[in-house]
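Enquirer:
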């Protein structure tokens with residue numbers, strides 16, 4: 007069934023992979039951007055482009071009212087530039103606002119315009135609850151990392167999830183993105199040997215290729231799914247495996263290994279937690295309930311193809 011789909015953040019790193027998939031399946035897509043310079047790009051993707059400020063309630067209300075969508079998909083983030091885990095609170099400041107104020111504006115617009123379904127981007131890569139096994143399900147809580155610079159961002163994620171679930175919507179916990187434009191800054195750090203392994207490197211992460219993340223999102227939209235889904239590949243893995251492999255695929259030297267005490271000084275406690283204690287996620291629910299099939303079941307295949 008053809009639907010009118012409103013993609014907030016349609017020009018972003020995932021939005022630009024999602025919009026063409028929706029268009030190819032016959033849906034009528036309105037996609038937003040904060041920059042008028044990107045309207046032509048959205049037009050080329052097959053969407054009706056709209057300039058919208060996700061932090062301005064009036065701007066959001068007007069854009070949603072004009073589009074008259076059947077579903078709103080929130081892909082708004084503002085993550086750009088060199089990764090700065092030591093100052094994650096500053097690096098994610100605008101994204102945190104988009105995940106709190108921004109989602110509240112979208113949900114208010116959905117209610118005002120009788121939009122029956124909201125699908126929203128959340129995060130599930132290495133931030134599972136820091137206890138027990140290395141791989142978590144949707145039933146396990148997220149690690150809010152109290153007392154760290156990651157806490158504001160994790161609380162923003164929790165706010166988004168709680169608000170969307172209260173509205174009977176869909177939360178998609180995407181793993182770490184890779185694919186066109188998603189990991190360029192990280193790869194550059196790896197090539198410069200500025201992305202070291204920390205301690206044991208036992209901390210686990212989950213990854214997902216942008217095209218697989220987009221295809222899962224299409225399924226959630228079309229099936230009017232409700233609840234939380236981990237959108238990650240089949241291969242959660244420790245940093246001691248994925249980071250050296252990423253370096254190999256990028257044609258870089260093997261990453262240096264630094265002790266925990268030094269990493270804590272140079273990169274901060276969150277980087278240490280990620281590398282040594284991170285908990286990844288299982289995709290069993292998304293595969294079973296959405297019928298999701300991955301083009302890239304493992305980052306091992308995906309890294310190699312993307313960096314060839």
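Numbering (this note's numbering), first residue to last: 7 to 314. The beta carbon of each residue, even a glycine, is placed where N, CA and C say it ideally should be.
If you pair each beta-carbon of the region 79-97 with each one of the region 137-145, do three or more pairs fall below 8 Å?
Expert: The region 79-97 is not in contact with the region 137-145.
Enquirer: Based on Cα-Cα distance, which residue from 74, 248 and 11 lies nearest to residue 310?
Expert: Locating residue 310 in the chain shown gives position 304, counting from the first residue. With distances taken between Cα atoms, residue 310 lies closest to 248.
Enquirer: Buried or exposed: residue 41, going by 16 or more other Cβ atoms within 10 Å of its Cβ?
Expert: The count along the chain shown starts at 1 and reaches residue 41 at position 35. With fewer than 16 Cβ atoms within 10 Å of its Cβ, residue 41 is classed as exposed.
Enquirer: DSSP beta-bridge partners for residue 213?
Expert: Position 207 of the chain shown, counted from the first residue, corresponds to residue 213. For residue 213, which the question treats as bridged, DSSP gives the partners 182.
Enquirer: Pull up the distance between the alpha-carbon of residue 70 and that of residue 181, whole angstroms please.
Expert: Counting from one through the chain shown, the residue named residue 70 turns up at place 64. Counting from one through the chain shown, the residue named residue 181 turns up at place 175. Rounded to whole angstroms, residue 70 to residue 181 spans 28 Å at the Cα level.
Enquirer: Counting along the chain, where does the alpha helix (DSSP H) carrying residue 253 start and finish?
Expert: Looking up residue 253 in the chain shown gives position 247. Unbroken alpha helix (DSSP H) run through residue 253: 245-255.
Enquirer: Among residues of its own chain, excluding the 5 on either side of residue 47, which ones have a beta-carbon nearer than 7 Å to its beta-carbon?
Expert: Reading the chain shown from its first residue, position 41 is the one you call residue 47. Contacts found: 17.
Enquirer: In the DSSP assignment, what residue or residues form a beta bridge with residue 129?
Expert: If you number the chain shown from 1, residue 129 lands on position 123. Bridge partners of residue 129: 180.
Enquirer: With a threshold of 16 other CB atoms inside 10 Å of the CB of residue 7, please say whether the residue is buried or exposed.
Expert: In the chain shown, the residue the question calls residue 7 occupies position 1. It counts as exposed.
Enquirer: On the premise that residue 124 lies in contact with residue 173, defined as a C-beta separation below 8 Å, what is that separation, rounded to the nearest angstrom?
Expert: Stepping through the chain shown from its first residue, residue 173 is reached at position 167. Stepping through the chain shown from its first residue, residue 124 is reached at position 118. Yes, they are in contact, since the Cβ atoms of residue 173 and residue 124 sit about 6 Å apart, within 8 Å.
Enquirer: Ends of the beta strand (DSSP E) at residue 236?
Expert: For this step, residue 236 is matched to residue 230 along the chain shown. Here the beta strand (DSSP E) through residue 236 covers 233-237.
Enquirer: In this structure, how does DSSP classify residue 80 when only helix, strand and coil are distinguished?
Expert: Residue numbering aside, residue 80 sits at position 74 when the chain shown is read from its first letter. Looking at residue 80 - three-state DSSP - the assignment turns out to be strand.
Enquirer: Residue 54 bridges to which residues according to DSSP?
Expert: Counted from its first residue, the chain shown places residue 54 at position 48. Partner(s): 36.
Enquirer: Which value, in whole angstroms, describes the spacing of the CA atoms of residue 298 and residue 33?
Expert: Position 292 of the chain shown holds residue 298. Position 27 of the chain shown holds residue 33. Looking at the two C-alpha atoms, the distance is approximately 19 Å.
Enquirer: Tell me which residues share the same chain as residue 67 and place their Cβ nearer than 6 Å to its Cβ, disregarding the 5 neighbours each side in the sequence.
Expert: On the chain shown, position 61 is the one that residue 67 refers to. Excluding residues within five positions, the ones whose Cβ falls inside 6 Å are 115.
Enquirer: Quick check on the DSSP output: the beta strand (DSSP E) that includes residue 13 runs from which residue to which?
Expert: Translated into the one-based positions of the chain shown, residue 13 becomes position 7. Run containing residue 13: 10-14, per the beta strand (DSSP E) assignment.
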